[in-house]
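For what it's worth, full-length UniProt numbering labels the leading residue of the sequence shown as 1, then goes sequentially. Yeah, the Cβ is synthetic: ideal placement off N, Cα and C, and Gly gets one too.
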Amino acid sequence: MATAPNTLWGMDFVSDALFDGRRFRLLPVLDHFTHECLDIFVDQSLGADDVADAVARLVVQRGKPEAIKVDNGSEFAGKVMDRWAYENGVGLDFSRRGTPTDNAMVESFNSRLRQECLNEHWFLSLADARSEIEAWRRFYNEERPHSALAWKTPAELAREHGDVPPP
């Protein structure tokens, strides 16, 4: 359980398709304390090396968490992320197999992402998808109040705790 901002992150994949049927993947990364969506990485494929690189870039921006909550997917449970976590002193907290409720906050976020963004758009290109998804992420963090946060936005809660999110 997160006791302060930037102590526990969570992430899991979401998939969608462009208007022409080409598939792409999204990797949202959330702060379990503030509920901020720290970033959503979007690409046609996201393998283990891509995940480690994305998290490394996010650590440069935000600082490193104590742990990252993930499922047992090969991108998270393989040698690449294990090595990255070990070298950076970050714990990997794995959900029990077949138990998505172990990462309920991320699963709930991904459901909102699907309902409020992905299902509402026909993305013409990967660049279009990235642009629309980033606009929604900013809305989610900065304008959309959350009942679990006493009707504050994630950005408001982060500021209250001295964690000023980058623009």
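Item checked: Boundaries of the beta strand (DSSP E) in which residue 171 is found, first to last residue -> This structure cannot speak to residue 171, because the chain is shown only from 1 to 167.
Check: Mapping DSSP to helix, strand and coil, what is PHE24?
Finding: The DSSP-derived three-state label of PHE24 is strand.
Notebook entry, point to check: Helix, strand or coil for ASP128 per DSSP?
Noted result: Correct three-state label for ASP128: helix.
Next item on the list: Could you check the C-alpha separation between GLU132 and ARG25 for me, to the nearest Å?
Entry: Taken atom to atom, the span from the alpha-carbon of GLU132 to that of ARG25 is near 14 angstroms.
Checklist line | Coil, strand or helix - LEU157 by DSSP | finding: Note: LEU157 maps to helix in three-state DSSP.
Item checked: Residues sharing a beta bridge with LEU30, DSSP -> According to DSSP, which records beta bridges pairwise, LEU30 is partnered with GLY10, CYS37.
Next item on the list: Figure out for me which residue from GLY47, LYS69, ASP39 has the closest Cα to the Cα of GLU75.
Entry: For GLU75, the closest C-alpha among the options GLY47, LYS69, ASP39 is that of GLY47.
Next item on the list: Taking 8 angstroms as the cut-off, decide whether the C-beta atoms of VAL106 and MET11 are in contact.
Entry: Yes.
Margin query: Considering just the uninterrupted stretch of the alpha helix (DSSP H) at ASP102, what are its terminal residues?
Written below: Per DSSP, ASP102 is not a residue of any alpha helix (DSSP H), being assigned neither H nor E.
Next item on the list: Hey, could you find the ends of the alpha helix (DSSP H) PHE76 is sitting in?
Entry: DSSP places PHE76 in the uninterrupted alpha helix (DSSP H) bounded by 74 to 77.
Check: Does the distance from the C-beta atom of ARG57 to that of LEU38 stay below 8 angstroms?
Finding: No; because the gap between Cβ atoms is not below 8 angstroms, this pair is not in contact.
Note to self: My output table needs one value for ALA85: the three-state DSSP class, helix, strand or coil.
What the structure shows: Reduced to three states, the DSSP call for ALA85 is helix.
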